[in-house]
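80 is the number that numbering that gives the first Met the number 0 gives to position 81 of the sequence shown; each next residue is one higher, with no gaps.
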Amino acid sequence: MIFTTKAEYGVRLLVELGRQDAGVTVSLKSIADSEGLPLAYLERIVALLKKAGFVESTRGAHGGYRLALPPEDVRMDAVINALEGGVAPMSCFVDDTAGDNARVLCSHHDTGELCATRLLWTRVQGGVIRALQNTTLAELVAFTQRETPLQLTHS
């Protein structure tokens, strides 16, 4: 399963915000510069994260972005869902989460026939989702702080 750069950059952005003291705002430009990421793309990604309630922004000379939630309350399944939509191991899978009973549909067989590999890909999907559900932003921040933390310039 391959996630896009939207997921990668979004998680990296959240980790950098999570490394800051609570309430401290950081400019998107400083994150883009320190992480070597394109600023225009980060602006689109942060808009998705803001819409989903993970980040908030402050305008003005000392404005920037900060986490809207404590890092331990930010689960990666919710982040990936906000950035990528549903998690599907194959392009033929459709994530049908509209109802109470979330399920995976195979677009190859709309006749009611069972797909020969559906069981495998459903298990793969379940494993990935469980790993994302069991990973918080706080864990990722702690993992990155085992190394020398990069100090961002605040604007």
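Every residue gets a Cβ at the ideal spot worked out from N, C-alpha and C, and that includes glycine.
Bear in mind the structure is a predicted one, so any value in this text is a computation, not a measurement.
Out of curiosity, what's the CA-to-CA distance linking residue i and residue j?
i, j, result
"leucine 38", "alanine 31", "5 Å"
"threonine 152", "arginine 58", "Annotation note: pLDDT 49 at threonine 152 (below 50); position unreliable, coordinate value reported separately. So the alpha carbons of these two residues sit roughly 16 Å apart."
"glutamate 34", "valine 140", "15 Å"
"alanine 60", "valine 25", "11 Å"
"lysine 49", "threonine 135", "18 Å"
"lysine 28", "valine 14", "15 Å"
"phenylalanine 142", "arginine 117", "35 Å"
"asparagine 100", "valine 127", "Residue placement at asparagine 100 is flagged as unreliable, the pLDDT there being 48, under the threshold of 50; the coordinate-derived value follows with that caveat. For asparagine 100 and valine 127, the distance between alpha carbons rounds to 19 Å."
"leucine 47", "arginine 145", "29 Å"
"glycine 85", "alanine 77", "10 Å"
"tryptophan 120", "alanine 87", "8 Å"
Please list, in chain order, all residues of the same chain as residue i whose beta carbon is under 7 Å from its beta carbon, the five residues on each side excluded.
i, result
"glycine 22", "Arg65"
"tyrosine 40", "Tyr8"
On the three-state DSSP scale, how would you describe residue i?
i, result
"valine 25", "strand"
"threonine 135", "strand"
"alanine 130", "helix"
"phenylalanine 2", "coil"
"valine 10", "helix"
"glycine 84", "coil"
"arginine 122", "helix"
"aspartate 145", "Note that residue 145 corresponds to arginine in the displayed sequence, not to aspartate. Arginine 145: coil per DSSP, three-state reduction."
Residues in the same chain with beta-carbon distance under 6 Å from residue i, minus the five sequence neighbours each way, listed in chain order, please.
i, result
"isoleucine 79", "Ala6 and Leu131"
"arginine 11", "Glu34"
"leucine 36", "Tyr8"
"threonine 3", "none"
"glycine 52", "Ala67"
Hey, out of the options, whose CA is closest to residue i's CA?
i, options, result
"leucine 68", "Glu83, Ala87, Leu16 and Gln124", "Leu16"
"aspartate 72", "Asn133, Thr4, Thr3 and Ile1", "Asn133"
"aspartate 20", "Ile1, Ser29, Pro70 and Thr121", "Pro70"
"isoleucine 1", "Val123, Gln144, Leu136 and Thr143", "Val123"
"alanine 137", "Glu42, Thr121, Gly125 and Met75", "Met75"
With a threshold of 8 Å on Cβ separation, who are the neighbours of residue i within its own chain once the five nearest residues in sequence on each side are excluded?
i, result
"isoleucine 156", "With the chain covering only 0 through 154, there is no way to say anything about residue 156."
"glycine 62", "Thr24, Ser26, Ser56 and Ser154"
- prompt: Unbroken alpha helix (DSSP H) runs of length 4 or more, entirely within the segment 13–76: which are they?
  reply: 27–34 and 38–50
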